[in-house]
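Engineer:
And the structure:
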């Protein structure tokens with residue numbers, strides 16, 4: 029079912045990109061989207077599409093706000109003559125397990141408050157992060173784990189409810 | 030302020046940013062520092078093209094920005110691979 | 416209205432890009448320069464692309480502009496990761512003010528594998544040299 033919706037989305041994207049919402053163009057987009065989904069069948073898997081979409085929207089909003097805060101903080105540090113940063117390289121234990129989850133989490137970590145993903149350990153259980161404002165390393169770890177990882181896993185796994193820890 | 034005035038200010042800021050990135054490119058001190066500067070310049074160029082599209086009213090330039098955004102990333106990855114696997118000889122560069 | 420909004424986005428974007436460039440010049444070590452160039456420059460370009468999309472008010476251009484933004488948001492962190500990893504691996508020094516470094520001694524020099532924090536530290540080459548010299 030979710031694949032069908034994705035396919036429609038791909039068809040609409042194709043029509044938007046080529047700039048013509050003619051039936052023939054949409055049909056062509058649908059065909060190409062079908063081929064693309066065929067290629068990406070394995071990583072997409074089965075998901076609860078309908079509950080995931082609003083969470084995704086909320087997550088995108090949360091992420092944009094965090095990103096703007098992060099930038100203002102960096103900007104403040106760039107523009108004032110004294111350094112305020114307390115950098116550390118930290119190991120953050122990972123709960124995210126699949127490739128998609130780890131990649132998304134690492135990207136989000138890099139784009140938001142004072143943390144930059146450096147590497148993931150070879151056994152994929154630890155994320156190494158360069159944090160700029162890490163007076164308290166536990167606080168940084170908690171921000172990453174509770175701020176991003178939990179929200180992200182709720183979307184990618186789509187099973188847990190809001191009231192669960 | 031008119032759109033022309035705004036784009037002029039933006040162009041000025043971007044050119045200043047280019048010059049600053051060039052300072053880092055020239056000063057180094059290590060090759061990764063220079064790669065950061067080059068990466069930043071590519072990102073600045075994408076922004077520059079977008080602003081140019083607005084300034085001239087030519088929507089076609091947005092396509093150029095798209096292509097540059099797609100390609101610029103590959104350079105950084107290639108450099109990083111070279112730094113990681115390429116031994117120590119670059120240290121003096 | 417769209418024109419004013421577009422102008423505002425352009426000015427904000429330009430400011431962020433200028434801040435990114437200033438950060439790349441001013442910050443004391445490579446990793447903090449990466450912070451500046453990934454976060455601020457990406458957001459700056461994002462603002463400029465939104466400005467362009469608002470200016471043209473056409474579906475095709477908006478889609479392209481959003482594609483640029485999404486692509487940059489996906490690739491900038493990946494670029495920072497590969498570069499940061501490579502730099503750390505070739506032991507680019509961290510800033511003197513760095514408080515702690517969990518990554519130190521966890522890379523395997525020959526296989527480039529990275530162990531978890533509970534693994535025993537691999538001695539760095541200069542430490543091995545000291546032991547042999549002593």
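Protein chains in written order, with the working numbering: chain A, 29 to 193; chain B, 30 to 122; chain C, 416 to 549.
Glycine included, each C-beta is placed from N, C-alpha and C at the ideal position.
#1: Using beta carbons (cut-off 8 angstroms, strictly below), is residue 507 of chain C in contact with chain B?
#2: Would DSSP call residue 441 of chain C helix, strand or coil?
#3: Looking at the strands, I want to know which residues DSSP matches up with residue 121 of chain A.
#4: Residue 183 of chain A to residue 83 of chain A, Cα distance in whole Å?
#5: To the nearest angstrom, how far is it from the Cα of residue 34 of chain A to the Cα of residue 464 of chain C?
#6: Counting only Cβ-Cβ distances shorter than 7 angstroms, please list the residues of the region 55-72 of chain B near chain C, keeping chain order.
#7: Looking at chain B, is there any beta carbon in it that lies within less than 8 angstroms of the beta carbon of residue 416 of chain C?
#8: Would you mind telling me which residues of chain C sit closer than 8 angstroms to residue 164 of chain A, beta carbon to beta carbon, in chain order?
#9: Short of 7 angstroms in beta carbon distance, which residues of its chain neighbour residue 516 of chain C, apart from the five on each side in sequence? Order them along the chain.
#10: What's the C-alpha gap between residue 488 of chain C and residue 87 of chain A?
#11: Helix, strand or coil for residue 62 of chain B? Go by DSSP, reduced to three states.
#12: Using 8 angstroms as the limit for Cβ to Cβ distance, is residue 160 of chain A near chain C?
#13: Residue range of the alpha helix (DSSP H) that residue 481 of chain C falls in?
#14: Using the beta-carbon count (16 or more within 10 Å), is residue 470 of chain C buried or exposed?
#15: Along chain B, which residues have their Cβ under 7 angstroms away from the Cβ of residue 494 of chain C?
#16: Do the CB positions of residue 122 of chain A and residue 130 of chain A come within less than 8 angstroms of each other?
#17: Run down chain A in chain order and give the residues with a C-beta less than 7 angstroms from the C-beta of residue 425 of chain C.
#18: Mind checking who residue 38 of chain B pairs with in its DSSP beta bridge?
#19: What is the residue span of the beta strand (DSSP E) that residue 147 of chain A lies within?
#20: To the nearest angstrom, how far is it from the Cα of residue 421 of chain C to the Cα of residue 102 of chain A?
#21: To the nearest angstrom, how far is the alpha carbon of residue 486 of chain C from that of residue 98 of chain B?
#22: What separation, rounded to the nearest whole angstrom, lies between the Cα atoms of residue 149 of chain A and residue 497 of chain C?
#23: Residues in the region 95-109 of chain A with C-beta within 9 angstroms of chain C's C-beta atoms, listed in sequence order?
Structural biologist: Concretely, from the data shown:
#1: yes
#2: helix
#3: A:154
#4: 7 angstroms
#5: 25 angstroms
#6: 59, 61, 62, 64, 65, 66, 68, 69 and 72
#7: no
#8: Correct list: empty, because the minimum Cβ distance to chain C is about 10 angstroms.
#9: 509
#10: 15 angstroms
#11: helix
#12: yes
#13: 474-504
#14: buried
#15: 68, 102, 105 and 106
#16: yes
#17: The premise fails here: residue 425 of chain C is roughly 16 angstroms from chain A at the closest Cβ pair, so nothing lies under 7 angstroms.
#18: Answer is none; residue 38 of chain B lacks a bridge partner.
#19: 143-148
#20: 24 angstroms
#21: 7 angstroms
#22: 14 angstroms
#23: 95, 96, 98, 99, 102, 103, 105, 106 and 107
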